[in-house]
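Enquirer:
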């Protein structure tokens, strides 16, 4: 067949007839193959023919030549955050997605990879070369780089020093969107008080001050408030979906899902029931609180203006471990959020995070991490079906990467969780996926242990640590919709927030905003910070 063989028998017949009739006429065969490619009839075996690659590239080029920026304002904005989703994770998730669909995987495409505009973001914190999720969250949500472990404050604030909070607060694009009249929401697979979502509403010098039980005495004396308290009392957020029940209720309050487990009970020392306070503060009848999938499914998005859903005491479960009858997926939470938020004629801003990508990597469980990345991509695809691309700016990015890699000269179609083709110097096999450090380091009886296909298998690591670390390289930004073309080149991570604000006509770019055209910066000088 000389590279013409396909995986579909009827196309094999066509190829045989063509090669027999036009034996030796390479130009004609290339033209015929190009036609088959255009009809979607060419499969893996045809990659040996130059015409296959030439035609794919030609069609991509033609598409690029028709690409035109959308320069009107964005009515809606969705920011998808793959926590810890570095470029190596995106590549591996692409292969995993394809293999889940029965394909080799390498030439698969994630929904996020179809976005036309791509940039890179430099992720360092003001005080760290390799960042954490709090300082990065402040950057891409509030528009300024910050110190590690701090949320919603500039780098002038000192980690752990409560009295350095005041005067150094910075506000997020979510807050500015609410101020402009848009509806706003948060969806996360972690506790809603965690670093990434917390940067959208909290101002705190320690990311781990989840409830007042976590505040040191000095911070309490100086008047600092915990993150859960700020969730209820700061920005008026329409939809909040994730985990984190225990930080909202008084100490020893039994958890509704795990009433006999005291470790899951409420933690607050101040006696406040923040769920009840949240409900009572809403001056509309359409405010709902739910704590399981049944409750979420029962919410009527057409009559609900505010929704608080807390589905676990702390973080939500990995997708591979999730009880589908009791716990909603990130796709289900996001869909409910969009259906509620899009009723606002002035538009909405939605932050959607899959934190469990990060958790999977920290524990060196690559299958858990990549499964979460695939789920985030499914949410990206579903969001496209629920929104109008001409009026919705959609951005996908990460806060940081991980010391995660895959290699080993593996052949095409090799399971992404499979073995490299050759054994290591110790005569034992190794997986394609490896970590630079982490709990996967293990030596038993002077040798590495056997590998496993289990979903909780810890891929091996070079350096022993109780938790794998973040990495410091740039992360991708992928965007589509109004003003998406402003994402270009290599940028500081805080640039993300400024493009979102500019696209949505939010402060500090509100002055002179026109619904049909580009807007100018404030007269008399450069735009102000998001603060």
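Residue numbers (full-length UniProt numbering): 1 to 531. Quick reminder that beta carbons are idealized off the backbone N, C-alpha and C, glycines included. Because the structure is a prediction, the values reported are computed rather than measured.
Residue 456: beta carbon under 7 Å from a heavy atom of the ligand GTP?
Expert: Summarising the ligand content, the structure contains no ligands, and the ligand GTP is consequently not present.
Enquirer: Comparing alpha-carbon positions, which option in 170, 248, 213 lies nearest residue 508?
Expert: Here the question's residue 508 lines up with position 508 in the chain shown. Scanning 170, 248, 213 for the CA closest to the CA of residue 508 turns up 170.
Enquirer: Indicate the three-state DSSP secondary structure (helix, strand or coil) for residue 387 in the structure shown.
Expert: If you number the chain shown from 1, residue 387 lands on position 387. Three-state result, residue 387: coil.
Enquirer: Taking the beta strand (DSSP E) that residue 240 falls in, what are its first and last residues?
Expert: If you number the chain shown from 1, residue 240 lands on position 240. Counting along the chain, the beta strand (DSSP E) containing residue 240 begins and ends at 239-243.
Enquirer: What number of angstroms, rounded off, separates the C-alpha of residue 512 from the C-alpha of residue 503?
Expert: Numbered from 1 along the chain shown, position 512 holds the residue referred to as residue 512. Numbered from 1 along the chain shown, position 503 holds the residue referred to as residue 503. Between the alpha carbons of residue 512 and residue 503 lies a distance of about 13 Å.
Enquirer: Shortest alpha-carbon distance to residue 335 belongs to which of 285, 241, 425?
Expert: Locating residue 335 in the chain shown gives position 335, counting from the first residue. Checked all of 285, 241, 425; the closest Cα to residue 335 is 241.
Enquirer: Residue 129: buried (16+ other C-beta within 10 angstroms of its C-beta) or exposed?
Expert: One-based indexing of the chain shown puts residue 129 at position 129. Exposed is the call here.
Enquirer: For residue 102 and residue 413, which I take to be in contact (beta-carbon distance under 8 Å), what is that distance rounded to the nearest angstrom?
Expert: Counting from one through the chain shown, the residue named residue 102 turns up at place 102. Counting from one through the chain shown, the residue named residue 413 turns up at place 413. With a Cβ gap of about 11 Å, residue 102 and residue 413 do not count as contacting.
Enquirer: Return yes when the Cβ of residue 243 is within less than 8 Å of the Cβ of residue 192, no when it is not.
Expert: Along the chain shown, one-based indexing puts residue 192 at 192. Along the chain shown, one-based indexing puts residue 243 at 243. In contact: residue 192 and residue 243 (Cβ atoms closer than 8 Å).
Enquirer: Please work out which residues of its chain come closer than 6 Å, Cβ to Cβ, to residue 330, disregarding the five sequence neighbours upstream and downstream, and give them in chain order.
Expert: In the chain shown, counting from the first residue as 1, residue 330 sits at position 330. Answer for residue 330: 189, 354, 375, 379, listed in chain order.
Enquirer: If we count Cβ pairs, one from each stretch, closer than 8 Å, do we get three or more for the stretch 397-414 versus the stretch 112-126?
Expert: A contact exists between the stretch 397-414 and the stretch 112-126.
Enquirer: Which runs of the beta strand (DSSP E) at least 3 residues long sit entirely within the stretch 72-106? Give them in chain order.
Expert: Complete beta strand (DSSP E) runs here, min 3: 76-82.
Enquirer: In angstroms, rounded to a whole number, what distance separates the CA positions of residue 619 and residue 139?
Expert: An answer regarding residue 619 cannot be provided, because it is not within the stretch 1 to 531 covered by the chain.
Enquirer: Using 8 Å as the cut-off, can you tell me whether the stretch 338-350 makes contact with the stretch 271-279, which would need three or more C-beta pairs spanning the two stretches below that distance?
Expert: no
Enquirer: What's the call for residue 283, buried or exposed, on a 16-neighbour Cβ count within 10 Å?
Expert: Stepping through the chain shown from its first residue, residue 283 is reached at position 283. By the 10 Å Cβ count, residue 283 comes out exposed.
Enquirer: Can you list, in chain order, the residues of its chain whose CB lies under 6 Å from that of residue 292, leaving out five sequence neighbours each side?
Expert: Stepping through the chain shown from its first residue, residue 292 is reached at position 292. Within the same chain, residue 292 has close Cβ partners 326.
Enquirer: Roughly how many whole angstroms lie between the Cα atoms of residue 385 and residue 61?
Expert: Taking the first residue of the chain shown as 1, we reach residue 385 at position 385. Taking the first residue of the chain shown as 1, we reach residue 61 at position 61. Cα to Cα, the separation comes out at about 26 Å.
Enquirer: Taking residue 117 as the reference, give the member of 483, 88, 299 with the closest Cα.
Expert: What you label residue 117 is simply residue 117 of the chain shown in a count that begins at 1. Minimum Cα distance to residue 117 is reached at 483.
Enquirer: In this structure, does DSSP put residue 268 in helix, strand or coil?
Expert: Here residue 268 is taken as the residue at index 268 of the chain shown, counted from 1. Residue 268 falls in the strand class under three-state DSSP.
Enquirer: Determine contact between the stretch 263-272 and the stretch 288-303, defined as no fewer than three beta-carbon pairs at a distance below 8 Å.
Expert: no
Enquirer: Assuming residue 149 contacts residue 207 (C-beta within less than 8 Å), just tell me the rounded distance between them.
Expert: Reading the chain shown from its first residue, position 149 is the one you call residue 149. Reading the chain shown from its first residue, position 207 is the one you call residue 207. Right, their Cβ atoms sit about 5 Å apart.
Enquirer: Check whether the Cβ atoms of residue 402 and residue 181 sit closer than 8 Å, and answer yes or no.
Expert: Walking along the chain shown from the start, residue 402 turns up at place 402. Walking along the chain shown from the start, residue 181 turns up at place 181. No. Outside cutoff.
Enquirer: Counting only the same chain and skipping the five closest in sequence on each side, list residues whose C-beta sits under 7 Å from that of residue 21.
Expert: Taking the first residue of the chain shown as position 1, residue 21 is located at position 21. Low per-residue confidence applies at residue 21: pLDDT is 48, beneath 50, and the placement is therefore not dependable, though the value from the model is reported in the following sentence. Closer than 7 Å at the Cβ level, and outside the excluded window around residue 21, lies no residue.
Enquirer: Taking the straight line between their C-alpha atoms, what separation do you get for residue 42 and residue 470?
Expert: As a first step, residue 42 is located in the chain shown; it is residue number 42 there, counting from the start. As a first step, residue 470 is located in the chain shown; it is residue number 470 there, counting from the start. Here residue 42 scores only 47 on pLDDT, less than 50, and its place in the model should not be relied on; the value that follows carries that caveat. For residue 42 and residue 470, the distance between alpha carbons rounds to 41 Å.
Enquirer: May I have a chain-ordered list of the beta strand (DSSP E) segments no shorter than 3 residues that lie completely inside the stretch 352-428?
Expert: 392-397, 404-406
Enquirer: Taking C-beta to C-beta, are residue 163 and residue 147 nearer than 8 Å?
Expert: As a working mapping, residue 163 is identified with position 163 in the chain shown. As a working mapping, residue 147 is identified with position 147 in the chain shown. Cβ atoms of residue 163 and residue 147: not closer than 8 Å.
Enquirer: For the candidate residues 198, 47, 285, whose alpha-carbon lies nearest to that of residue 173?
Expert: One-based indexing of the chain shown puts residue 173 at position 173. Ranking the options by Cα distance to residue 173, first place goes to 198.
Enquirer: What is the DSSP secondary structure of residue 276, reduced to helix, strand or coil?
Expert: In the chain shown, counting from the first residue as 1, residue 276 sits at position 276. Reduced to three states, the DSSP call for residue 276 is helix.
Enquirer: Between which two residues does the alpha helix (DSSP H) carrying residue 57 extend?
Expert: By one-based count along the chain shown, residue 57 stands at place 57. First-last of the alpha helix (DSSP H) with residue 57: 50-65.
Enquirer: CA-CA distance, residue 304 and residue 215?
Expert: For the purposes of this step, residue 304 is taken as residue 304 along the chain shown, with counting starting at 1. For the purposes of this step, residue 215 is taken as residue 215 along the chain shown, with counting starting at 1. When rounded, the distance between both Cα atoms is 34 Å.
Enquirer: Are the CB atoms of residue 319 and residue 372 nearer to each other than 8 Å?
Expert: Start at 1 with the first residue of the chain shown, and residue 319 comes out as number 319. Start at 1 with the first residue of the chain shown, and residue 372 comes out as number 372. A contact, by the Cβ cut-off of 8 Å.
Enquirer: Does the beta-carbon of residue 490 have 16 or more other beta-carbons within 10 angstroms, so that it is buried, or is it exposed?
Expert: Within the chain shown, residue 490 is the residue found at index 490, counting from 1. Classification of residue 490: exposed, given that the 10 Å Cβ count is below 16.
Enquirer: According to DSSP, what are the bridge partners of residue 433?
Expert: On the chain shown, position 433 is the one that residue 433 refers to. Partner(s): 406.
Enquirer: Output yes or no for whether 8 Å exceeds the beta carbon distance between residue 211 and residue 137.
Expert: As a first step, residue 211 must be located in the chain shown, where it is residue number 211. As a first step, residue 137 must be located in the chain shown, where it is residue number 137. No, they are not a contact pair.
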